[in-house]
Each structure stands twice: as structure tokens, then as C-alpha cells.
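Report on the structure given below.
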Amino acid sequence: MDRKSKSTNSSKVQKILEEFQKDLNEGITNIGILNDEDLYKTELEKVFVGNWNYMAHDTEIPNTGDYVLRYIGDDAFIVNRTDDGEVQVILDICPHRGASICRAEKGNSSHFRCPYHGWTFKNNGDLLGAPAYKEAYNGLDRKKWGLTHAPRVEIFHGFIFACLEENGPSLEESLGGMSWYLDMIFSLQDEGMEVLGEPQRYVIKSDWKIAAENFSGDDYHLMTLHKSTYDIGVMQIPLKENMKGYHIQAGNGHGVSFSIDLESEDPLFFFYPEEIVKTFNLDNLSEKQLELARGSRVCVGNIFPNISFLMLPLSPDPKNVPPTPLFTWRVWRPIGPGEIEVWNWFFMYKNTTEEFKRSSYRSAMSTFGIAGTFELDDPVPWEAMTKNAKGTFAKKNMKLNLQMGMNNIGSSKQVTDWSFPGIAYYPRFEEGNQRHFYKRYLDDMLKEK
Ligand code: FES
Ligand SMILES: [Fe+2]
Numbered sequence: 058m059d060r061k062s063k064s065t066n067s068s069k070v071q072k073i074l075e076e077f078q079k080d081l082n083e084g085i086t087n088i089g090i091l092n093d094e095d096l097y098k099t100e101l102e103k104v105f106v107g108n109w110n111y112m113a114h115d116t117e118i119p120n121t122g123d124y125v126l127r128y129i130g131d132d133a134f135i136v137n138r139t140d141d142g143e144v145q146v147i148l149d150i151c152p153h154r155g156a157s158i159c160r161a162e163k164g165n166s167s168h169f170r171c172p173y174h175g176w177t178f179k180n181n182g183d184l185l186g187a188p189a190y191k192e193a194y195n196g197l198d199r200k201k202w203g204l205t206h207a208p209r210v211e212i213f214h215g216f217i218f219a220c221l222e223e224n225g226p227s228l229e230e231s232l233g234g235m236s237w238y239l240d241m242i243f244s245l246q247d248e249g250m251e252v253l254g255e256p257q258r259y260v261i262k263s264d265w266k267i268a269a270e271n272f273s274g275d276d277y278h279l280m281t282l283h284k285s286t287y288d289i290g291v292m293q294i295p296l297k298e299n300m301k302g303y304h305i306q307a308g309n310g311h312g313v314s315f316s317i318d319l320e321s322e323d324p325l326f327f328f329y330p331e332e333i334v335k336t337f338n339l340d341n342l343s344e345k346q347l348e349l350a351r352g353s354r355v356c357v358g359n360i361f362p363n364i365s366f367l368m369l370p371l372s373p374d375p376k377n378v379p380p381t382p383l384f385t386w387r388v389w390r391p392i393g394p395g396e397i398e399v400w401n402w403f404f405m406y407k408n409t410t411e412e413f414k415r416s417s418y419r420s421a422m423s424t425f426g427i428a429g430t431f432e433l434d435d436p437v438p439w440e441a442m443t444k445n446a447k448g449t450f451a452k453k454n455m456k457l458n459l460q461m462g463m464n465n466i467g468s469s470k471q472v473t474d475w476s477f478p479g480i481a482y483y484p485r486f487e488e489g490n491q492r493h494f495y496k497r498y499l500d501d502m503l504k505e506k
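Counting from 1 along the sequence shown, just add 57 to a position and that's the residue number in my numbering.
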């Protein structure tokens, strides 16, 4: 691209973003921010490079030498455990000529050998040797030609994150108030969580922001889009009752939403059966975390930019099987303008019976698995929105509404005596979490680099 068209593109991006910024103050967005090639490139550089990205879970690579292949945007990384037990995130590119060195999605290996000319690396990334080394490379400074590591890697309750910038906030700082809520979920058991099965992957033609803002706090869509699934009784909480709860802007663009009954006489704990609740170590939780967990029915959230999660009880077969709690954790990996590869993991607390893990997995697969009753619904409007964003007239003119719960629209109000982190609204007929998400999006996108 020549310099002139590059600067035309960046001023086009700037114009879209500045207009969006003005509109957002009024709770308005526009369809033009979706599915735009120039915005997409800027997002990869400004949103995904600078933030913490989820890579894998400790329990996916339990043994030394274990590795999985993962992605941040359009870059591939090997996430592995070295002989010292350390977790590394290594760019899957051979420094000789740039071929990919990792040829499987997962495995166990002490070394990686590039298939092109055979440069061989230890699994900590050091260059060990190459074919006909003496003749070909005698004198090469091997230390300089190892594999490239992600600049920063941090682990939160077994969840491995990487950041592609050397400097910036730590994972904990970046999670802001969200770390408190995640800590509440992950600390319920001393043993923490483990992954169930393999992550599922599939491609949909949706802009990543649509999925992220949906999980930030779009409980409202359940009443229409998921009504047919809901009506067969997959969950024991009536739809309107389920809207009773909080939307929490957890800082830094993160949003979390709870269906909750803080006054409940019986402890709810997401409807985990009593034998599972017995395995919880409630001393791990602060008094306030315990108060929240005790009244929780459903928790759904998005960690900015594109990591979403959901804990709730669902039944795979409402007439015959009671709802079982499940936990889905997903990444909306952008793979092009208006296109994502969905990565979907299911987790369960480690110290539970195999039978319980199986029934949680069964509930999860039948609802939020790749062919799940809920999972199949969402791409329909998401893909339509993404497609509509390409319309020549729509792109320029179509404004969208994000005003629920602001300026006295609707019934939701800010909770003035909220004693947990973040800013909360009650009930969940509200779109403040989405506005919070987009505000952070704009902060990143308009940042000078
Ligand atoms: S590109 Fe890897 S050894 Fe040549
Ligand atoms: Fe949905």
C-alpha cells in the first residue's frame, strides 16, 4: 500500500471512530463500526496486541513437554510446558526463513524441528542445531536465533494469558474489578477448575465485537432469540425472574452480569448440588464474595476485548434430566473483517466426581456446544448484523440504539450502595455494560501508537 492510501485509510478510521465517540455519549452506535477492513486492521494492532489474550489452561498442558497451538488474531503461538515446568508462549515461526515449526494442534515434545531445512529448537525456544551444522552454520551465534517469545505471560487461577507488548499493566491490573468476580468463581474449590474435553472451534461470519458485547450483558435477547429453547424448560428460573440481577461495569471495558437473589434463604451457588457445594472451601472467599456467590443463579461476562464466560444450570433433556451447572469459556478470535473463529472450552471444578463432570459436559454440549440449542441461535442475528454493515447506504447512515437504562429509559437504575467492585445497575434491562465495552474500545482505538 502506498503512503497516500495508507494515510487516507487511517483518516477514514479516525473519522468513523470520532463520530462513534460522539454518538456513544448519547447511547448510540452505528453499524459502520462492524465488518470494516480498515477498522479491523487497526483493531489487530491497537486492541489485540496491547491487551491480555487468553491462550490455554494449565490443565490442557499438565506435563512437561505438553503443547497446544493457539492464536492471537492472525499470529500463531505454541503454548507449552518446558522441562522446568514453566509455561511458555512462543511464536510459531522459524527464525531461519519463517516457516511454521509446529505441525499439530497439540502434543508432547521436548523439541521442535522445522520441516523446511530442519533447524531444531528445544521446547524452551533455544536453537539447538541444524542439519550439516558444521558445513552450514559453523560460527553462527545460536543464542541470537532462538524462537520468539510472547513478551509477557501470566497465569490467573490456571488460566494462561499472554500480552504482546513489553510494557503496560499487569494481568491483574488490567482485569481491574473483574479479577474479584473471577476470583470468586475460581476460588470456590481449593483445587480450582479443569478443562473438559477439547476446545470446540468453528467459524462464523460475525464481527468479534458483536459476540463480546453480547456476553458483556445482553440478557435481554434471551426473551426472544432463545425463547423456544428456554420454553422447553432447560433452566428452572422463569425468564422474567432471571432478569432480576445486576449489570456490572467492572472497569477497563469488562462487563459482568448476575442473575441473583441476594435475599434467598437457601444458598444458591449457581444451583450446584449439595454434594458439590460440600467440596467448596468457602474460607477462600471474602465475606462479600461469599455473599454474592451464595445468591448467584447465573453469571455471564466478557473480559475485554474478546474473552467471554458463562456459568449457569441447564438441562440437556428437561423432561428427564435436572439442570446441571456448566461453565463455558470462550475466545472470539478475529480472523478477518467480520469473521471469527469461535474457541469454546468447557470447565468444571476439579474435585468433583467423573459422573458429575460428565453430566455438566452433557448439559454444556447440548446447549452451548457447537450444535447446542443456544449456540445455534446467536450466529443468526450476529451474521445478519455483520452482513448489513456492508450495505453502502447502511454503512454511512445506519445508527443503532444502545440506550436501555440510560437517561431514565427503562426501569434499570444505578445501585448507589453497591458494595462490590465496579458500577452496578438493577435490574438487567440495561445496556451500560455494552456502552462500557465500547468506551474502552474507543480508548484503545484512538490511542496514539
Ligand atoms: S525455514 Fe525453518 S529451517 Fe529453514
Ligand atoms: Fe445468546
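Beta carbons are placed, not taken as given, at the ideal position from N, Cα and C, and that holds for glycine.
For Arg127 and Asn181, the gap between their C-alpha atoms comes out near 16 angstroms. When the beta-carbon positions are compared, Asn363 and Val334 stay at least 7 angstroms from each other. Comparing alpha-carbon positions, the option among Asn338, Glu229 and Phe326 lying closest to Phe361 turns out to be Glu229.
By the beta-carbon neighbour count (other beta carbons within 10 angstroms, threshold 16), Gly352 is buried.
For Asp276, the Cβ stays outside the 6 angstroms cut-off from all heavy atoms of ligand 2. Secondary structure in the region 91-120: the alpha helix (DSSP H) runs of 4 residues or longer, each lying completely within the stretch, are 94-100 in chain order. In the three-state reduction of the DSSP assignment, Pro438 falls in the helix class. Shortest Cα-Cα distance from Arg199 to any of Gly186, Glu192 and Ala421 involves Gly186. Taking Gly164 as the centre and dropping the five residues before and after it, the same chain places the C-beta of Tyr124 closer than 7 angstroms to its C-beta, in chain order. Unbroken alpha helix (DSSP H) stretches of 4 residues or longer found wholly inside the region 257-301: 265-274, 284-288 and 296-299, given in chain order. Comparing C-alpha distances from Ser321 to each of Ser167, Asp501 and Arg354 shows the shortest one belongs to Arg354.
If you check the C-beta of Asp435 against ligand 2, you find a heavy atom less than 6 angstroms away. Sequence-distant Cβ neighbours of Thr205 in its own chain, meaning closer than 8 angstroms and more than five residues away, are Ile147, Leu148, Ile150, Pro152 and Gly182.
Using a Cβ distance threshold of 7 angstroms, Leu457 and Gln491 do not count as a contacting pair. Residue burial annotation: Pro172 is exposed, with fewer than 16 other C-beta atoms found within 10 angstroms of its C-beta.
Distance from the C-beta of Trp176 to the nearest heavy atom of ligand 1 is below 6 angstroms.
Within the same chain, and ignoring the five residues on either side of Pro324 in sequence, the residues whose Cβ sits closer than 6 angstroms to its Cβ are Arg351. Taking C-beta separations shorter than 7 angstroms and ignoring five residues to either side along the sequence, the partners of Trp265 in its chain run Asn363, Trp389, Pro391 and Ile397, following chain order. Here DSSP, grouped into helix, strand and coil, assigns Phe178 to strand. A direct Cα-Cα distance of roughly 38 angstroms separates Thr381 from Leu499.
By the CB criterion at 7 angstroms, Asn359 and Ser236 fall outside the cutoff. Going by DSSP, Asn454 is part of no beta strand (DSSP E) but of the alpha helix (DSSP H) stretching over Thr449 to Asn454.
Relative to the Cα of Arg154, the nearest Cα in the group Trp176, Phe169, Ser166 and Thr443 belongs to Trp176. Exclusion of the five residues before and after Gly142 leaves Thr121 as the residues of its chain whose Cβ lies within less than 7 angstroms of its Cβ. Along the length of the region 186-272, whole beta strand (DSSP E) runs at least 3 residues long occupy 209-213, 216-220 and 250-261, reported in chain order. Taking C-beta separations shorter than 8 angstroms and ignoring five residues to either side along the sequence, the partners of Met250 in its chain run His114, Thr116, His214, Gly215, Phe243, Phe384, Phe404, Met405, Tyr406 and Lys407, following chain order. Taking 7 angstroms as the cut-off, the Cβ atoms of Cys159 and Ile129 do not count as close. In the three-state reduction of the DSSP assignment, Phe361 falls in the coil class. Nearest C-alpha to Asn377 among Gly290, Asn271 and Leu221: Gly290. Nearest to Tyr277 by C-alpha distance, out of Gly489, His493, Glu505 and Leu221, is Gly489.
Just measuring C-alpha positions, the residue of Arg209, Gly225, Pro226 and Ser227 sitting nearest Ala219 is Arg209. For Arg170, the enclosing beta strand (DSSP E) begins and ends at His168 to Arg170. Only residues of its own chain outside the window of five on either side were considered, and among them Ile88, Leu91 and Asn92 have a CB closer than 6 angstroms to the CB of Ala446, listed in chain order. The three-state secondary structure of Val378, taken from DSSP, is coil.
In this structure, Val70 lies away from Leu101, with their beta-carbon atoms at least 7 angstroms apart. Ranking Tyr418, Ser157 and Leu367 by CA distance to the CA of Leu253 puts Tyr418 first.
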